[in-house]
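S.K.: Each residue of the sequence shown is one higher than the one before, starting from 997 at the first, in the numbering used here. For glycine and all other residues, C-beta sits at the position ideal for the given N, C-alpha and C. Have a look at the structure that comes next, please.
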Amino acid sequence: MEHIKAWDNEYKSSTWKGHYSLRDIDSFSIKGRILDAGCGSGKYTLPLGMRGYNVIGIDVSTKALGMARSSSTKHGIDIEFIAGNLYHLPFADNSFDAVLCYGVLQHLLSKERELALSEFRRILVKGGLLFIEVFGKEDMRYGGTEIEPDTFSRKSGIIYHYFDIGELEGLLECFSVRISESRKEKRFKGRTYTRHMINAAAKKT
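Quick look at the structure:
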């Protein structure tokens, strides 16, 4: 689909970096395999590997994966990076102890989000953990050409969906879940804008 193909073009012109935190992962002392679902150029995968976690990255962008592999080699870290989408994961049932999906679900269409959550549950062991971060509806970036409810297409071809807590709870109804949200104000040219993020830590029961 076009919004998936757009990611190669995006990574040709930029590297997605920004702030990251492994606090949630560290707080659970995960010992087994971790999947970084939608790993991009390795923003989370590489720090996890550097800290000794057994992590695998998967992404739709071959350009991003090339960047991730190059960085992994540069730092002497042995990480497997796989090309694929989140709604047809090439992994066996009950094969991961945790899935990290930060800043990814918001770039999928409604049916794709549902399939991705079903796949996450399938590959997680019982008691396995799922960590999610998505944009909230109060975020300053909300808007554009609406193609589904609260889902917008940008000129780049990439789509952005904005969640509320109820929607995320619905997607995670088969998990035991803890959800939190944060709002941070940013000032630009004399105006105040809000960054609204929603986080979930869920356990497969």
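Check whether the segment 1176-1186 and the segment 1140-1155 are in contact - that is, three or more C-beta pairs closer than 8 Å.
M.R.: No, they do not touch.
S.K.: With the cut-off set at 7 Å, would you say residue 1129 and residue 1098 are in Cβ contact?
M.R.: Yes, these two residues count as a Cβ contact at 7 Å.
S.K.: Scan the segment 1127-1172 and note each continuous alpha helix (DSSP H) run of 4 residues or more that stays entirely inside, going in chain order.
M.R.: Taking only runs of at least 4 residues, the alpha helix (DSSP H) segments lying wholly in the segment 1127-1172 are 1161-1167.
S.K.: Can you give me the C-alpha to C-alpha distance between residue 1076 and residue 1104, rounded to a whole angstrom?
M.R.: Answer to the nearest angstrom: the Cα atoms are 24 Å apart.
S.K.: Rounded to a whole number of angstroms, what is the C-alpha to C-alpha distance between residue 1036 and residue 1055?
M.R.: Approximately 6 Å, taken between the alpha carbons.
S.K.: Buried or exposed for residue 1192, please, with buried defined as at least 16 other CB atoms from any protein chain shown within 10 angstroms of its CB.
M.R.: Buried is the call here.
S.K.: Do the segment 1047-1062 and the segment 1110-1122 meet, that is, are 3 or more Cβ pairs less than 8 Å apart?
M.R.: Touching, no.
S.K.: Keeping to the same chain, check which residues put their C-beta closer than 6 Å to that of residue 1068; ignore five residues upstream and five downstream.
M.R.: Excluding sequence neighbours, residue 1068 sits near 1075.
S.K.: So is residue 1196 in contact with chain D if we call contact Cβ pairs under 7 Å?
M.R.: Considering every chain present, this structure includes no chain D. It has just one protein chain.
S.K.: What separation, rounded to the nearest whole angstrom, lies between the Cα atoms of residue 1041 and residue 1196?
M.R.: Using only the alpha carbons, I get a separation of about 19 Å.
S.K.: Name the residue from 1091, 1093, 1112 whose alpha carbon lies nearest to the alpha carbon of residue 1101.
M.R.: Among 1091, 1093, 1112, the Cα nearest to that of residue 1101 is on 1112.
S.K.: Which partner residues does residue 1078 have in the DSSP bridge list?
M.R.: Residue 1078 pairs with 1054.
S.K.: Less than 8 Å between C-beta atoms, sequence neighbours within five positions excluded: which residues of the same chain meet that for residue 1182?
M.R.: Contacts found: 1136, 1188, 1189, 1190, 1191.
S.K.: Is residue 1026 near residue 1088, with beta carbons less than 7 Å apart?
M.R.: Contact flag unset, no.
S.K.: Taking just the CA atoms, how far does residue 1070 sit from residue 1131?
M.R.: Taking the straight line from one Cα to the other gives about 32 Å.
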